[in-house]
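Accompanying notes for the structure given below.
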Amino acid sequence: MEKIALITGSKGGIGSAITSQLVEDGYRVIATHSPGKRECAQRWFDENNYSSNKVRLFELDVTDTEQCAERLTQLLVEEGTVDVVINNAGITKDGVFKKMTAQAWKDVIDTNLNSVFNVTQPLFAAMCEKGGGRVINISSVNGIKGQFGQTNYSAAKAGMIGFTKALAAEGARSGVTVNAVAPGYTMTPMVELMKPETLDFIKGQIPMGRLAESVEIAKSVSFLISDAGAYITGETLSVNGGLHMQ
Ligand SMILES: NC(=O)c1ccc[n+]([C@@H]2O[C@H](COP(=O)([O-])OP(=O)(O)OC[C@H]3O[C@@H](n4cnc5c(N)ncnc54)[C@H](OP(=O)(O)O)[C@@H]3O)[C@@H](O)[C@H]2O)c1
């Protein structure tokens, strides 16, 4: 039977690569986009030649707890099941801590971390009742090692890793695995925001001497949600070209 995977931030750099991989792997994909981005999401859908039986565009503000509860409960009724949840939506609002505003802190925690509660909570019980499922949280190398100018982002991404381990313990008996993927720097719109000189400096620190390709992150997700990944839970898979080794 066709499995259903939901991915947040599906039309972003890494999200697009994961969506395309999931379609290739035979999933029906619920591809979420943020409010007001319907037209842009439709363009992305058309450019990728998706069909509506393979990819369903789904508006969701991952920072809105009530909206997520309501819309995802309704989604479960409409689709019958959600087998895989991929928490991928994320933003950065960098700045040194001395100058960081409460708003920049809150926005990043809401979008990267509170979103994980908002999106997973309405779907997790049904996965457990069904006796199987997969949750993947897209964390970051900077959630593991910390990064200058990213106290908000590093805190959120580290929080995702703690969440992953705790929820893995809760899901294990029901066959629901929960894992994180921690990408290193990957060439996407998020990284294009960085100054070229900062990016050159970072490349110089990566033993492989290059950024990750989005598809390399997508392949890791594909492995963890496949049957081959069935006995892996509570783990964080680093995909960072050797930038940080634990
Ligand atoms: N690129 C990297 O180097 C890197 C490294 C480590 C980890 N990561 C993580 O990987 C994930 C994907 O990053 P990316 O580089 O692909 O970034 P991206 O291209 O900027 O995509 C981010 C996505 O998040 C979605 N999003 C943001 N706010 C949202 C909200 N309130 N509700 C719903 N969706 C929202 C956006 O959706 P809309 O376009 O619909 O607004 C966008 O599609 C993020 O969690 C990021 O932290 C990235």
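If you read the sequence shown in our numbering, its first letter stands for residue 1184, the second for the next number, and so on.
Note that the Cβ used here is the ideal one computed from N, Cα and C, for glycine as well.
N1335 to G1329 span [Cα, whole Å]: 10 Å
Spatial distance of S1234 from E1242 (CA atoms): 17 Å
Beta-carbon proximity check, R1314 vs S1357, cutoff 8 Å: Strictly speaking, residue 1314 in this sequence is Gly, with Arg absent from that position. Yes. Within cutoff.
When G1192, S1203, C1311 are compared against G1273, the one with the closest alpha-carbon: G1192
Nearest to G1196 (by Cα), restricted to the options S1409, A1395, E1418, L1407: A1395
CA nearest to the CA of S1322, picked from Q1250, Q1333, G1342: G1342
Touch test, the region 1201-1217 against the region 1386-1402, Cβ-Cβ under 8 Å, three pairs minimum: yes
Delimiting residues of the beta strand (DSSP E) encompassing G1316: 1316-1321
Beta-carbon proximity check, E1230 vs R1211, cutoff 8 Å: no
Coil, strand or helix - E1242 by DSSP: strand
Contact under 8 Å by Cβ, V1361 with G1367: no
Near ligand 1: T1334 beta-carbon under 7 Å from a heavy atom: no
Same chain, Cβ closer than 8 Å to V1260, five either side skipped, listed in chain order: none
V1268: first and last residue of the uninterrupted alpha helix (DSSP H) it sits in: No alpha helix (DSSP H) holds V1268; the beta strand (DSSP E) holding it covers 1267-1270.
Limits of the unbroken beta strand (DSSP E) element including V1359: 1359-1366
Cβ contact (3+ pairs, closer than 8 Å) linking the region 1379-1391 and the region 1214-1221: no
From R1254, R1393, T1371, residue whose alpha carbon lies closest to that of T1275: T1371
Sequence-distant residues of the same chain with beta carbon closer than 6 Å to V1265, five excluded per side: I1187, L1189, L1306
Terminal residues of the alpha helix (DSSP H) in which T1248 lies: 1248-1262
Identified DSSP bridge partners for V1299: Answer by DSSP bridge pairing: none, since V1299 is not bridged.
Per-residue DSSP class, three states only, for L1407: helix
Collapsed DSSP secondary structure at I1190 in the structure displayed: strand
Buried or exposed by the 16-neighbour rule on C-beta atoms within 10 Å, applied to T1256: exposed
Under the three-state DSSP convention, the category T1419 falls into: strand
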